[in-house]
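Undergrad:
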Amino acid sequence: MKTRDVLLHTHELAVGYRSGKETHIVMEGLNCEVMTSRLICFMGPNGVGKSTLLRTLSGAQAPLAGDIFLKGKKIKELSKTSLASYISVVLTDPIHVGNITVRELISFGRYPYMGWNINFSSQDADAIDRAIDETHLTGIENRKIAELSDGQRQKVLIARALCQDTPLIILDEPTAHLDLNNRVEIINLLKQLTRKTKKAILMATHELDLALQTADELWLAGYDTGLEIGFPEDLVLSGKIDTVFQLKGFDLKTGHLEKKTDRRNVSVNGEGYLLLWTRNALERNGYSTRPGDDLEVSISTAEGLTRWNTTTGKTFETLETLIKYLDDL
Amino acid sequence: MSHTIRYQKKWTFLLVAVLPLVILCLFTLNISLGSVSIPFDQLFSAIFMGETEKSSWLHIIWQFRLPKACTAILVGAGLSISGLQMQTLFRNPLAGPYVLGISSGASLGVALVVLASHSVGFFFQGLGPGSWLIVLASSTGSFLVLLAVVALSVKIKDSVSLLIIGLMFGSVTGAVVSVLQFFSEAKQLQLYLVWTFGSLGGLDWSELLILTLVLLVGLSITLFLIKPLNTLLLSENYAQSMGVNIKKTRLLIVVSTSLLAGSITAFCGPIAFVGLAVPHLTRLLFNTSDHKILVPAVTLSGIIVMLLCDIVSQLPGSQYVLPINAITSLIGAPVVIWLILSKGGIQTSFGR
Numbered sequence: 000m001k002t003r004d005v006l007l008h009t010h011e012l013a014v015g016y017r018s019g020k021e022t023h024i025v026m027e028g029l030n031c032e033v034m035t036s037r038l039i040c041f042m043g044p045n046g047v048g049k050s051t052l053l054r055t056l057s058g059a060q061a062p063l064a065g066d067i068f069l070k071g072k073k074i075k076e077l078s079k080t081s082l083a084s085y086i087s088v089v090l091t092d093p094i095h096v097g098n099i100t101v102r103e104l105i106s107f108g109r110y111p112y113m114g115w116n117i118n119f120s121s122q123d124a125d126a127i128d129r130a131i132d133e134t135h136l137t138g139i140e141n142r143k144i145a146e147l148s149d150g151q152r153q154k155v156l157i158a159r160a161l162c163q164d165t166p167l168i169i170l171d172e173p174t175a176h177l178d179l180n181n182r183v184e185i186i187n188l189l190k191q192l193t194r195k196t197k198k199a200i201l202m203a204t205h206e207l208d209l210a211l212q213t214a215d216e217l218w219l220a221g222y223d224t225g226l227e228i229g230f231p232e233d234l235v236l237s238g239k240i241d242t243v244f245q246l247k248g249f250d251l252k253t254g255h256l257e258k259k260t261d262r263r264n265v266s267v268n269g270e271g272y273l274l275l276w277t278r279n280a281l282e283r284n285g286y287s288t289r290p291g292d293d294l295e296v297s298i299s300t301a302e303g304l305t306r307w308n309t310t311t312g313k314t315f316e317t318l319e320t321l322i323k324y325l326d327d328l
Numbered sequence: 000m001s002h003t004i005r006y007q008k009k010w011t012f013l014l015v016a017v018l019p020l021v022i023l024c025l026f027t028l029n030i031s032l033g034s035v036s037i038p039f040d041q042l043f044s045a046i047f048m049g050e051t052e053k054s055s056w057l058h059i060i061w062q063f064r065l066p067k068a069c070t071a072i073l074v075g076a077g078l079s080i081s082g083l084q085m086q087t088l089f090r091n092p093l094a095g096p097y098v099l100g101i102s103s104g105a106s107l108g109v110a111l112v113v114l115a116s117h118s119v120g121f122f123f124q125g126l127g128p129g130s131w132l133i134v135l136a137s138s139t140g141s142f143l144v145l146l147a148v149v150a151l152s153v154k155i156k157d158s159v160s161l162l163i164i165g166l167m168f169g170s171v172t173g174a175v176v177s178v179l180q181f182f183s184e185a186k187q188l189q190l191y192l193v194w195t196f197g198s199l200g201g202l203d204w205s206e207l208l209i210l211t212l213v214l215l216v217g218l219s220i221t222l223f224l225i226k227p228l229n230t231l232l233l234s235e236n237y238a239q240s241m242g243v244n245i246k247k248t249r250l251l252i253v254v255s256t257s258l259l260a261g262s263i264t265a266f267c268g269p270i271a272f273v274g275l276a277v278p279h280l281t282r283l284l285f286n287t288s289d290h291k292i293l294v295p296a297v298t299l300s301g302i303i304v305m306l307l308c309d310i311v312s313q314l315p316g317s318q319y320v321l322p323i324n325a326i327t328s329l330i331g332a333p334v335v336i337w338l339i340l341s342k343g344g345i346q347t348s349f350g351r
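If you're matching them up, the sequences are chains A and B in order. Following numbering that gives the first Met the number 0, the numbering of the first sequence begins with 0 at its first residue and continues without gaps. Following numbering that gives the first Met the number 0, the numbering of the second sequence begins with 0 at its first residue and continues without gaps.
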């Protein structure tokens, strides 16, 4: 049973820049596919050419060689207006306008479908309403762009792309400069959109942890590894992510930072998140936490208060005082 | 019904009723004032019946006051719209109609005719603002600069380079004009200086007709640019992603601005300030950067500002007429400062 269609595919694509007589190839020999209702996270170190490839795929820049096909049609044979009905973008460009409302900015997304005099049909108005609704911007749609926080502004730009009503949305680092909460919200929003609207979303990002937990597919670009495409977990287990990022001090398979243990072993007795965070505190401070009978800390909870008891007969109310005690031993 | 549509209805009343009414009042006031006092009823009979108690009044109204008021309308609309286009294209609040070097080209043309003609041994009679030779010189000058700018705008990737090239043109022509001034005599210098003051008078009906036609072409191009101009508010890359052809749009904006600002400079001299200030005034008053509202609003506000400035420059009740260039800045600058202070800044028009 086939549930997904190929939306975009490339054939022996080479991307890069021509300046004067010099040609600078950033990536070449690319054969990739974008399917409908997929969230693809495109990752790779800075300067590897992620933005160049995204610009080329979105038609803003001509390929150096090879072809890009949108639903089987060559991208270079499409007019600018019809291209705008296939692909919408969210870019890293700073937005220079503050004095228009959220709703007005989102409504720009309808421009490929209207004439010079900008007359919104009820169909356009519906698309705008839907985009506002899907991005949870209801309530602030009449605020001015200048009054918004960075997270809200990013959602407005996503809503603008949504209301352009294209099967593919390409985003360049949509979560840069956002706090953790907003990053999670934006990625979850994009994931939901691929499920609800069958849109394909291709996004460049540096959020390795979030990408691993949400993406349907990862594109990995390294300096000399070419473009690796695959299921996130497969790429982790095959070690390809480590090769691309040349991770320093981060153990991807456990999902933790590599910690140096140069102090004594302390075994911990407890359960759940209390155990997790107690071990975290110990490891962060250089203690190893293998089971053993060297020194044991047991965690107890009574009347909503947590206590840490050591086998040396001491009781502590905070992890900070526990660690201080261990340090002085 | 949609909020987008309701939002736009809010401004329609102001645009189709209030501002045109203000223009009509100012227009009437403008032609009723002057060094010769003409009774109000005679004004109407001159315009609608073509007869007055004194035949000189008919002459004054038809040959001087009406052409001047009409010129003020054209200049206000044309300069303000070209300023708006430049500010949006360059996303720079300091841009105006002359950033592409149009007035520099015009001033070089005029300087060559007025100043250099003397050095080569002959002197033109009757050189004044609006005389055909001046018009020819300044339009040739601005046309040549415009050709260079258009050629470059097709080649150049980013708009900021275009802005800097325009400024460089200005410096070069400014330098040539200084050299010409250095070798000129007082009489020529004064003639040139009078041209740089700007003047709304001096156009006859046939010149007015030409100016009107050129401006209509320039303004119609702008009408078709409303959509691209709005997308340019975001960025050129965003505009492109919404199906806008950036190079074509940039070319059309340059052509429209050149037609508007170039023809006005040719007939009236380099009139400062209006093109820079009116778009800001309008954005602050209408509290939006949406070009669907701004284009008509800036046109109407530009007309109002220019009619007002012309009324003040005639110093009602006196025999003197001040240079229009001085008046536009003198009353315009305080108004802009006051608006910026009372509305808490214009950073929202172009910044974050």
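Just so you know, even glycine gets a beta-carbon here, dropped at the ideal spot from N, CA and C.
#1: If we ignore side chains and look at the alpha-carbon of each, how far apart do B/Gly-33 and B/Ser-54 end up?
#2: Enumerate in chain order the residues of its own chain whose CB-to-CB distance from A/Pro-62 is below 7 Å, with the five nearest sequence positions on each side excluded.
#3: Report the neighbours of A/Pro-111 on chain B: residues whose CB is nearer than 7 Å to its CB, in chain order.
#4: In three-state terms, what does DSSP make of B/Gly-75?
#5: Can you pull the chain A neighbours of B/Leu-212, defined as C-beta to C-beta under 8 Å?
#6: Closest Cβ-Cβ distance between A/Lys-73 and chain B: below 9 Å?
#7: What residue from B/Leu-20, B/Pro-227, B/Ser-257 and B/Val-17 has the CA that sits closest to B/Gly-217's CA?
#8: Name the DSSP bridge partner or partners of A/His-218?
#9: Report the residue from A/Ala-59, A/Gly-71 and A/Ile-74 whose alpha carbon sits nearest the alpha carbon of A/Val-88.
#10: Kindly indicate which residue of B/Ser-137, B/Val-254, B/Val-304 and B/Asp-203 has the alpha-carbon position closest to the one of B/Leu-362.
#11: DSSP three-state label for B/Asn-29, please.
#12: Please list, in chain order, the residues of the region 87–110 of chain A that have any C-beta partner in chain B closer than 8 Å.
#13: When the distance is taken between beta carbons, is B/Gly-75 closer than 9 Å to B/Val-294?
#14: Across which residues does DSSP place A/Ala-126 in a beta bridge pair?
#15: Of the residues B/Gly-104, B/Ile-292, B/Val-178 and B/Ala-110, which one's Cα is nearest the Cα of B/Leu-192?
#16: What runs of the alpha helix (DSSP H), each 4 residues or longer, lie entirely inside the region 178–206 of chain A?
#17: Does DSSP classify A/Lys-72 as helix, strand or coil?
#18: Can you check which of these residues, A/Cys-40, A/Ala-64, A/Val-47 and A/Lys-20, is closest to A/Asn-30 by C-alpha distance?
#19: Between the Cα of B/Ser-341 and those of B/Trp-204, B/Leu-280 and B/Tyr-237, spot the shortest distance and give me the residue it belongs to.
#20: Looking at the unbroken alpha helix (DSSP H) that takes in B/Ala-110, where does it start and where does it end?
#21: In its own chain, which residues sit with a C-beta less than 8 Å from the C-beta of A/Asp-171, not counting the 5 before and 5 after it?
#22: Nearest chain A C-beta to B/Ile-252 closer than 9 Å, yes or no?
#23: Please check if any C-beta of chain A sits within less than 9 Å of the C-beta of B/Gly-350.
#24: Pull up the DSSP beta-bridge partners for B/Ala-147, would you.
#25: Between the alpha carbons of A/Gln-245 and B/Leu-151, how many angstroms are there, rounded?
#26: So, at 7 Å on beta carbons, what are the nonlocal neighbours of B/Gly-95 in its own chain, with the 5 sequence-adjacent residues on each side left out?
#27: Let me make sure I understand the geometry here. Which of A/Thr-311, A/Arg-283, A/Ala-301 and A/Ile-139 has the alpha-carbon closest to that of A/Glu-295?
#28: Output, in sequence order along the chain, the residues in the region 261–292 of chain B whose CB is closer than 8 Å to any CB in chain A.
#29: Would you call the region 260–272 of chain B in contact with the region 146–160 of chain A, where contact means no fewer than 3 C-beta pairs closer than 8 Å?
#30: Closer than 7 Å, Cβ to any Cβ of chain A: which residues of the region 72–91 of chain B, in chain order?
#31: Does chain A have any CB closer than 9 Å to the CB of B/Leu-151?
#32: Against chain A, with Cβ distances strictly below 9 Å, would B/Lys-226 count as a contact?
#33: In chain order, what residues of the same chain lie with their CB nearer than 6 Å to the CB of B/Ala-68, ignoring the 5 residues before and after it?
#34: Going by DSSP in three states, A/Met-34 sits in which element: helix, strand or coil?
#35: Which residues bound the alpha helix (DSSP H) around B/His-290?
#36: So that I know if they touch, is there some Cβ in chain A lying closer than 9 Å to that of B/Thr-230?
TA: By the coordinates alone:
#1: As a working note, residue 33 of chain B is residue 34 in the second sequence. As a working note, residue 54 of chain B is residue 55 in the second sequence. Looking at the two C-alpha atoms, the distance is approximately 16 Å.
#2: Mapped onto the first sequence, residue 62 of chain A falls at position 63. Excluding residues within five positions, the ones whose Cβ falls inside 7 Å are Leu-12, Ala-13, Val-14 and Thr-55.
#3: Stepping through the first sequence from its first residue, residue 111 of chain A is reached at position 112. Met-241 and Gly-242, listed in chain order.
#4: Looking up residue 75 of chain B in the second sequence gives position 76. B/Gly-75: helix per DSSP, three-state reduction.
#5: On the second sequence, residue 212 of chain B is found 213 positions in, with the first residue counted as 1. Near B/Leu-212 there are no residues of chain A at all, since even the closest Cβ is about 22 Å away, more than 8 Å.
#6: Position 74 of the first sequence holds residue 73 of chain A. No, its Cβ sits nowhere closer than 9 Å to a Cβ of chain B.
#7: Position 218 of the second sequence holds residue 217 of chain B. That would be B/Ser-257, whose Cα lies nearest to the Cα of B/Gly-217.
#8: Indexing the first sequence from 1 puts residue 218 of chain A at position 219. The sequence shown places Trp at residue 218 of chain A, rather than the His named in the question. Paired residue(s): A/Phe-41 and A/Ile-228.
#9: Within the first sequence, residue 88 of chain A is the residue found at index 89, counting from 1. Among A/Ala-59, A/Gly-71 and A/Ile-74, the Cα nearest to that of A/Val-88 is on A/Ala-59.
#10: What is shown of chain B runs 0 to 351, which leaves residue 362 of chain B out entirely.
#11: The count along the second sequence starts at 1 and reaches residue 29 of chain B at position 30. In this structure, B/Asn-29 counts as helix in the three-state DSSP scheme.
#12: Ser-87, Val-88, Leu-90, Asp-92, Pro-93, Ile-94, His-95, Val-96, Gly-97, Asn-98, Ile-99, Thr-100, Arg-102, Glu-103, Leu-104, Ser-106, Phe-107, Gly-108 and Tyr-110
#13: Here the question's residue 294 of chain B lines up with position 295 in the second sequence. Here the question's residue 75 of chain B lines up with position 76 in the second sequence. Contact flag unset, no.
#14: Mapped onto the first sequence, residue 126 of chain A falls at position 127. Answer by DSSP bridge pairing: none, since A/Ala-126 is not bridged.
#15: Translated into positions along the second sequence, residue 192 of chain B becomes position 193. Closest by alpha carbon: B/Ala-110.
#16: 179–196
#17: What you label residue 72 of chain A is simply residue 73 of the first sequence in a count that begins at 1. Three-state DSSP puts A/Lys-72 in a strand.
#18: As a working note, residue 30 of chain A is residue 31 in the first sequence. A/Asn-30 has its Cα closest to that of A/Ala-64, out of A/Cys-40, A/Ala-64, A/Val-47 and A/Lys-20.
#19: Indexing the second sequence from 1 puts residue 341 of chain B at position 342. It is B/Leu-280 whose Cα lies nearest to the Cα of B/Ser-341.
#20: Start at 1 with the first residue of the second sequence, and residue 110 of chain B comes out as number 111. Looking at the DSSP string, the run of the alpha helix (DSSP H) that includes B/Ala-110 is 101–110.
#21: Looking up residue 171 of chain A in the first sequence gives position 172. Counting only Cβ-Cβ distances below 8 Å, and skipping sequence neighbours, we find Lys-49, Ser-50, Leu-53, Val-88, Val-89, Leu-90, Thr-91, Met-202 and Ala-203.
#22: One-based indexing of the second sequence puts residue 252 of chain B at position 253. False, the Cβ-Cβ gap to chain A never drops below 9 Å.
#23: For the purposes of this step, residue 350 of chain B is taken as residue 351 along the second sequence, with counting starting at 1. Legend: pLDDT at B/Gly-350 = 45, less than 50; position of this residue unreliable, value from coordinates given subsequently. With 9 Å as the cut-off, B/Gly-350 counts as an interface residue toward chain A.
#24: Position 148 of the second sequence, counting from 1, holds the residue named residue 147 of chain B. Paired residues: none, contrary to the question.
#25: In the first sequence, the residue the question calls residue 245 of chain A occupies position 246. In the second sequence, the residue the question calls residue 151 of chain B occupies position 152. Their Cα atoms are separated by approximately 45 Å.
#26: Position 96 of the second sequence, counted from the first residue, corresponds to residue 95 of chain B. Gly-82, Met-85, Gly-274 and Leu-275.
#27: As a position in the first sequence, residue 295 of chain A is number 296, starting the count at 1. The shortest Cα separation from A/Glu-295 among A/Thr-311, A/Arg-283, A/Ala-301 and A/Ile-139 belongs to A/Thr-311.
#28: Arg-282, Asn-286, Thr-287, Ser-288, Asp-289 and Lys-291
#29: no
#30: Arg-90
#31: Against the second sequence, residue 151 of chain B aligns to sequence position 152. It does not; no Cβ of chain A falls within 9 Å.
#32: Here residue 226 of chain B refers to the residue found at position 227 of the second sequence. Yes, B/Lys-226 lies at the interface with chain A (some Cβ there is under 9 Å from its Cβ).
#33: Position 69 of the second sequence holds residue 68 of chain B. Once the five neighbours on either side are set aside, the close Cβ partners of B/Ala-68 are Phe-26, Asn-29 and Ile-30.
#34: In the first sequence, counting from the first residue as 1, residue 34 of chain A sits at position 35. Reduced to three states, the DSSP call for A/Met-34 is strand.
#35: In the second sequence, counting from the first residue as 1, residue 290 of chain B sits at position 291. Segment 290–312, the alpha helix (DSSP H) holding B/His-290.
#36: Residue numbering aside, residue 230 of chain B sits at position 231 when the second sequence is read from its first letter. Yes, B/Thr-230 lies at the interface with chain A (some Cβ there is under 9 Å from its Cβ).
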